[in-house]
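Peer 1:
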Amino acid sequence: DTEVTQTPKHLVMGMTNKKSLKCEQHMGHRAMYWYKQKAKKPPELMFVYSYEKLSINESVPSRFSPECPNSSLLNLHLHALQPEDSALYLCASSQHGTPGPLHFGNGTRLTVT
Amino acid sequence: AQSVTQPDIHITVSEGASLELRCNYSYGATPYLFWYVQSPGQGLQLLLKYFSGDTLVQGIKGFEAEFKRSQSSFNLRKPSVHWSDAAEYFCAVGSQPRGEYGNKLVFGAGTILRVKS
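Chains as they are written, first to last, in my numbering: chain Y, 593 to 705; chain U, 116 to 232.
#1: Output the residue ranges of the beta strand (DSSP E) runs that lie fully inside the stretch 648-689 of chain Y and measure 3 residues or longer, sorted by chain position.
#2: If we ignore side chains and look at the alpha-carbon of each, how far apart do Y:M619 and Y:E595 end up?
#3: Considering only their Cβ atoms, is the gap separating U:W150 from U:G174 smaller than 8 Å?
#4: Would you kindly report the start and end of the unbroken beta strand (DSSP E) that includes U:H125?
#5: Starting from U:A224, find everything on chain Y with Cβ-Cβ shorter than 7 Å and list it in chain order.
#6: Could you list the residues in the stretch 644-659 of chain Y with a C-beta less than 8 Å from some C-beta on chain U, going in chain order?
#7: Measure from the alpha carbon of Y:S657 to the alpha carbon of each residue in Y:H671, Y:L665, Y:K645, Y:K632, then state which is nearest.
#8: Does any residue of chain Y have a CB that is nearer than 8 Å to the CB of U:Q157?
#9: Would you mind telling me which residues of chain U sit closer than 8 Å to Y:S678, beta carbon to beta carbon, in chain order?
#10: Under 8 Å between C-beta atoms, does Y:S642 make it to chain U?
#11: For a cutoff of 8 Å on Cβ pairs, would you count U:N190 as touching chain Y?
#12: Report the option in U:N139, U:I126, U:A132, U:V128 whose CA atom is closest to the CA atom of U:V221.
#13: Please identify the residue among U:Y142, U:L136, U:R184, U:C206 whose C-alpha is closest to the C-alpha of U:K164.
#14: Mark Y:Y681 as exposed unless 16 or more other C-beta atoms lie within 10 angstroms of its C-beta, in which case mark it buried.
#15: For U:L171, which residues does DSSP report across the bridge?
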C-alpha cells in the first residue's frame, strides 16, 4: 500500500483538452513533488513545492501548471498537451528540511492523442 | 551538479543466486543516496537510504548497500534472489539546494533485473 494516492490511474486526453492530475498524502510532509517518467527512462523532476509554495520549477513548459491548495494536496493542471507528453506522472512527498527520502505514489499513466 | 551512473542496463540472475547492482555517483558534498525499486506500471518503492554513519546499510526485502566514498559507489546487494525481485532498480542521489526546501533527487538510468528459474 502506498501512502501517496494519485488519481486517476489512467488518463487519455486530446491535445485540446484540459485535465488535472491529483495527488494526496496524509503523512504530514511539507514538501511535494511532480516527476515525469517516459518509458524505459528514469523519473525526471518537474516541480517541487515546499510549504505550499513552488520552490523548484525545472523549466517545465507552461502547458503544465502545478497547484498546491493545501499541505496534503497537489494538483497538476494540463492544457494543450502534445503527444510527446505521454508518460507516467509520479507524485512524491518528503519531510521538509531533510534530504529525503521521497515517498512516491503509483502514478498516473497519461496518453495524449 | 550531481549525477548517477548505473552501468548495467539489464542483469539476469538465477533464483537463489546472489545479486549486486552497481551505482556510481558524482556529487561535490556529502551525498544522500537511495535505492528504489519499480515494478512495471507502478510507482517507486524505497529500498534503503544512506545519509551518514555506518557505510553498510540494511534495507527492506533483504537488500543491503555499501557506501564507498573512495570509489564514489553505492552498490546494492542481496545474498539470494527471489523471482519476485524481478523489477527495475534505480539508484538516486539527493541534495538540498541552498535556500530551498525539498530534496532534489537525481536518478540513474536504472537496471532491469530478470530472474530465471
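Every residue, glycine too, gets a C-beta built ideally from N, C-alpha and C.
Peer 2: Let's see:
#1: 656-662, 665-671, 679-686
#2: 7 Å
#3: Taking 8 Å as the Cβ cut-off, U:G174 and U:W150 qualify as a contacting pair.
#4: 125-129
#5: P634
#6: S647, I648
#7: Y:H671
#8: yes
#9: Within chain U, no residue comes near Y:S678; the closest Cβ sits about 14 Å away, beyond 8 Å.
#10: yes
#11: no
#12: Looking from the CA of U:V221, the closest CA among U:N139, U:I126, U:A132, U:V128 belongs to U:N139.
#13: Comparing Cα-Cα distances from U:K164 to each of U:Y142, U:L136, U:R184, U:C206, the minimum goes to U:C206.
#14: buried
#15: Residue pairing by DSSP places U:L171 opposite U:E181 in a beta bridge.
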